[in-house]
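Trainee: Residue 431 in the numbering used here sits at position 431 of the sequence shown, with consecutive numbering throughout. Backbone N, C-alpha and C fix where the C-beta goes; we use that ideal spot for every residue, glycine too.
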Amino acid sequence: MARLCGNDALQGHEEEEEDVETDVGCRCSEQRVHDDLPTTTIIMCFVDEVWSTLLRSVHSVLSRSPPHLIEEVILVDDFSTKEYLKEQLDTYMARFPKVKILRLRERHGLIRARLAGAEIAKGTVLTFLDSHVECNVGWLEPLLERVRLRRTKVACPVIEVISDKDMSYMTVDNFQRGVFTWPMNFGWRQIPQEVIEANKIKETDIIRCPVMAGGLFSIDKKYFFELGMYDPGLDVWGGENMEISFKVWMCGGEIEIVPCSRVGHIFRNDNPYSFPKDRVRTVERNLARVAEVWLDEYKELFYGHAYHLVLKNVDVGDLTQQIQLRKKLQCKSFRWYLENVYPDLEAPLVKASGLLVNVALAGCVAVEGPTLAFEECDVNNTNQHFNYTWLRLIQHGELCLAPSGVLGTLGLRRCQGRSRSLAWLHRSLATVRPGLSDHIISEHQHLPQPSCLEVDPSYKALRVKACDSTNPYQKWQFGNYHVD
Ligand code: UDP
Ligand code: MN
């Protein structure tokens, strides 16, 4: 893709929007970078990559980067099985002295393969790339410029799309930010037009990103090691982009998209390699590990949105070193990250809170010493305040509403996030049973049938009874709902 200044732009009519493409390219080519940019090691991991695709990646680096900035290109062979990736590749690459091939003796997975490359890298900056990319004209200098400005800046190119059908190169929309939604799904989101206009953001302006896509970025090597690289306890693939993103932001750095740096990437629906373990399970475990180390009290949002993980009780492995690292680096809290880096993420700590009101009697549930009562509602009485948590508990301090299992009675028990017997379904969760969305359905597994929280209208006693969609004494409302 050519990036030439059109006549319009040359004559200074920069406002004209006929061809945004050319316009961005032109503005980028006018940008200056320092003469003393740091050198970089390119680290490209691959496993069973297609020959021509791998070559396209390597050649785009070699032919579109100023040679003096490339210390070396390390191709990390993550134990590929394809014959052509052995001797044939060695022979081919032998004519390019900067290209080195590191052969791993067993499958490391993307995360540990990158670390193996980083450990032998000699450049000042590490630039990670996938093995199915095409670096565009002038891609490298703007990345290195950012790292040179401040060594804690992590610079990402705009990732454009190479079609997996005909290998053609397609540009993407400008103003995309890397974000995540619960439970930590990475995605792109366009900066809203109003924000662009209000802040007069230009196509060439740096975009600060809550999270990076993962595959392509430049980072100061020393800084990468100070940050403890990637958590080496992460397996194969997935979640590492979350980990590095949270770590960078919370421990003093920044993640930026540099619009003047463009790299095409083949997005594939299927990985051309096998996963040593089940793919979904691997990613889930990695994400749970990241949640445990970095999310603080917000990890409940992660588990609430991926509740099956609570039930499965995933083994995330030993976290001691990661927690120590976070302490040593004096990283900020996840709350700080949300407030300062990603304020537009909806992240209420509980699903609902306040009074728990019975719709028919307009009375409230209250904690009275070790037991429960049903009283006249009083917002000022903190004994009537409950949280409905992401782990589905109805919680008052340390205590949780619990069916006691016998004769439909209800009591208080010490809360325990992972206990199904303390969990309740309400509103959107309760809609699995038709007509029960205002009900509060117990998840206790020893109850004989679907059972709901109910107040006995004559004795004003609380109990758990067979759910009945028409029974108004089973309909409840919290004072405040923070989601749906
Ligand atoms: N990769 C690797 N070992 C693995 C999995 C992936 O070396 O076990 C390489 C892969 O060849 C690619 C990069 O890591 O160059 C990123 O993987 P992939 O492109 O599949 O991730 P995606 O772009 O789909 O997120
Ligand atoms: Mn890829």
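How long is the line joining the alpha carbons of Ala360 and Ser469, rounded to whole angstroms?
Mentor: Here the question's residue 360 lines up with position 360 in the sequence shown. Here the question's residue 469 lines up with position 469 in the sequence shown. Straight-line Cα distance between these residues: approximately 13 angstroms.
Trainee: Could you check whether the region 408-425 touches the region 367-378, counting it as contact only if at least three pairs of C-beta atoms, one from each stretch, sit closer than 8 angstroms?
Mentor: Yes: the two stretches touch, three or more of their Cβ pairs being nearer than 8 angstroms.
Trainee: DSSP has Thr409 in a bridge; who is on the other side?
Mentor: The residue labelled residue 409 in the question sits at position 409 within the sequence shown. Thr409 pairs with Arg463.
Trainee: If you pair each beta-carbon of the region 76-92 with each one of the region 152-159, do three or more pairs fall below 8 angstroms?
Mentor: As far as the Cβ criterion goes, the region 76-92 does not touch the region 152-159, which means the pair count is below three.
Trainee: In the structure shown, what three-state DSSP assignment does Thr320 receive?
Mentor: Indexing the sequence shown from 1 puts residue 320 at position 320. It is helical.
Trainee: Exposed or buried, Tyr459, counting other C-beta atoms within 10 Å across all chains shown (16 or more means buried)?
Mentor: Looking up residue 459 in the sequence shown gives position 459. Result: exposed.
Trainee: Would the region 325-332 count as touching the region 242-260 if we require 3 or more Cβ pairs under 8 angstroms?
Mentor: Yes, since at least three Cβ pairs between the region 325-332 and the region 242-260 fall closer than 8 angstroms, the two stretches touch.
Trainee: Is the number of C-beta pairs between the region 131-144 and the region 111-119 that are closer than 8 angstroms three or more?
Mentor: The region 131-144, when compared against the region 111-119, does not touch it at the 8 angstroms Cβ threshold.
Trainee: For Ala347 and Leu301, what's the separation of their Cα atoms in angstroms?
Mentor: For the purposes of this step, residue 347 is taken as residue 347 along the sequence shown, with counting starting at 1. For the purposes of this step, residue 301 is taken as residue 301 along the sequence shown, with counting starting at 1. Answer to the nearest angstrom: the Cα atoms are 7 angstroms apart.
Trainee: Cα separation between Ile42 and Lys86?
Mentor: For the purposes of this step, residue 42 is taken as the residue at position 42 of the sequence shown. For the purposes of this step, residue 86 is taken as the residue at position 86 of the sequence shown. Each residue's Cα considered, the two are about 20 angstroms apart.
Trainee: Using the C-alpha atoms, what's the distance from Val290 back to Val483?
Mentor: As a first step, residue 483 must be located in the sequence shown, where it is residue number 483. As a first step, residue 290 must be located in the sequence shown, where it is residue number 290. Between Val483 and Val290, the C-alpha separation is close to 24 angstroms.
Trainee: Please confirm whether any heavy atom of the ligand UDP lies closer than 6 angstroms to the CB of Val158.
Mentor: Within the sequence shown, numbered from 1, the residue matching residue 158 stands at position 158. No, the ligand UDP has no heavy atom inside 6 angstroms of this Cβ.
Trainee: Got a sec? Which residues, its chain only, sit under 6 angstroms from Ala306 by beta carbon, not counting five neighbours each side?
Mentor: Taking the first residue of the sequence shown as 1, we reach residue 306 at position 306. Closer than 6 angstroms at the Cβ level, and outside the excluded window around Ala306, lie Pro183.
Trainee: Spatial neighbours of Leu89 within its chain, please: CB distance less than 6 angstroms, with the 5 preceding and 5 following residues excluded, ordered by chain position.
Mentor: Position 89 of the sequence shown, counted from the start, is the residue given in the question as residue 89. Same-chain partners within the cutoff: there are none.
Trainee: Put Glu83 into one of helix, strand or coil per three-state DSSP.
Mentor: Position 83 of the sequence shown, counted from the first residue, corresponds to residue 83. Of the three classes helix, strand and coil, the one that applies to Glu83 here is helix, per DSSP.
Trainee: Can you give me the Cβ contacts of Glu49 inside the same chain, cut-off strictly under 6 angstroms, excluding the 5 residues immediately before and after it?
Mentor: For the purposes of this step, residue 49 is identified with residue 49 of the sequence shown, where counting begins at 1. Cβ neighbours of Glu49 beyond the five flanking positions: Ser131.
Trainee: Decide if Asn313 is buried, meaning its Cβ has at least 16 other Cβ atoms within 10 Å, or exposed.
Mentor: Start at 1 with the first residue of the sequence shown, and residue 313 comes out as number 313. Exposed.
Trainee: Give the range of the beta strand (DSSP E) segment to which Thr40 is assigned.
Mentor: Numbered from 1 along the sequence shown, position 40 holds the residue referred to as residue 40. Start and end: Thr40 to Phe46.
Trainee: Give every residue of the same chain whose Cβ lies closer than 8 angstroms to the Cβ of Cys28, excluding the five residues on either side of it in the sequence, and list them in chain order.
Mentor: In the sequence shown, counting from the first residue as 1, residue 28 sits at position 28. Here the set comprises Arg3, Gly138, Pro142, Thr204, Pro259 and Cys260.
Trainee: Taking the C-alpha atoms as reference points, what is the distance between Phe386 and Cys364?
Mentor: Position 386 of the sequence shown, counted from the start, is the residue given in the question as residue 386. Position 364 of the sequence shown, counted from the start, is the residue given in the question as residue 364. When rounded, the distance between both Cα atoms is 10 angstroms.
Trainee: Please work out which residues of its chain come closer than 8 angstroms, Cβ to Cβ, to Glu292, disregarding the five sequence neighbours upstream and downstream, and give them in chain order.
Mentor: On the sequence shown, residue 292 is found 292 positions in, with the first residue counted as 1. Closer than 8 angstroms at Cβ, skipping near neighbours: Lys299, Val316 and Leu319.
Trainee: Quick check for students: name the residue ranges of the alpha helix (DSSP H) that lie wholly in the region 62-136, counting only runs of 4 or more.
Mentor: 87-93 and 109-120, all fully within the region 62-136.
Trainee: Compute the Euclidean distance between the alpha carbons of Lys100 and Phe186, then round it to the nearest angstrom.
Mentor: As a working note, residue 100 is residue 100 in the sequence shown. As a working note, residue 186 is residue 186 in the sequence shown. When rounded, the distance between both Cα atoms is 32 angstroms.
Trainee: Kindly provide the chain-ordered list of residues whose Cβ lies closer than 6 angstroms to any non-hydrogen atom of the ligand MN.
Mentor: That query returns the following residues: Asp130, His132, Gly215 and His265.
Trainee: In or out: Asn241 buried (at least 16 other Cβ within 10 Å) or exposed?
Mentor: Numbered from its first residue, the sequence shown carries residue 241 at position 241. With 16 or more Cβ atoms within 10 Å of its Cβ, Asn241 is classed as buried.
Trainee: Tell me whether Asp235 is buried or exposed, calling it buried when 16 or more other Cβ atoms sit within 10 Å of its Cβ.
Mentor: Indexing the sequence shown from 1 puts residue 235 at position 235. That one is buried.
Trainee: How long is the line joining the alpha carbons of Glu297 and Val283, rounded to whole angstroms?
Mentor: The sequence position of residue 297 within the sequence shown is 297, counting from 1. The sequence position of residue 283 within the sequence shown is 283, counting from 1. Near 21 angstroms, if we compare the C-alpha coordinates of Val283 and Glu297.
Trainee: For Gly417 versus Leu447, is the C-beta distance shorter than 7 angstroms?
Mentor: Residue 417 sits at position 417 when you count from the first residue of the sequence shown. Residue 447 sits at position 447 when you count from the first residue of the sequence shown. No, these two residues do not count as a Cβ contact at 7 angstroms.
Trainee: Report the rounded CA-to-CA distance for Leu338 versus Gly239, giving the unit in angstroms.
Mentor: As a working note, residue 338 is residue 338 in the sequence shown. As a working note, residue 239 is residue 239 in the sequence shown. Cα-Cα distance, rounded: 18 angstroms.
Trainee: State whether the region 118-127 contacts the region 213-223, with contact taken as three or more CB pairs (one from each stretch) at a distance under 8 angstroms.
Mentor: Touching, per the Cβ criterion.
Trainee: With a threshold of 16 other CB atoms inside 10 Å of the CB of Pro157, please say whether the residue is buried or exposed.
Mentor: Within the sequence shown, the letter at position 157 stands for residue 157. Flag for Pro157 reads buried.
Trainee: So the candidates are Gly408, His396 and Trp476; which of them puts its Cα closest to the Cα of Ala466?
Mentor: One-based indexing of the sequence shown puts residue 466 at position 466. It is Gly408 whose Cα lies nearest to the Cα of Ala466.
Trainee: Per DSSP, which one or two residues make a beta bridge with His265?
Mentor: Against the sequence shown, residue 265 aligns to sequence position 265. DSSP, once it has assigned bridges, lists Val133 and Val161 as partnering His265.
Trainee: According to DSSP, is Asn241 part of a helix, a strand, or is it coil?
Mentor: In the sequence shown, the residue the question calls residue 241 occupies position 241. Helix.
Trainee: For Phe478, does the three-state DSSP call read helix, strand or coil?
Mentor: Start at 1 with the first residue of the sequence shown, and residue 478 comes out as number 478. Phe478: strand per DSSP, three-state reduction.
Trainee: Which one or two residues does DSSP pair with Ala288 in a beta bridge?
Mentor: Taking the first residue of the sequence shown as position 1, residue 288 is located at position 288. According to DSSP, Ala288 bridges with nothing at all.
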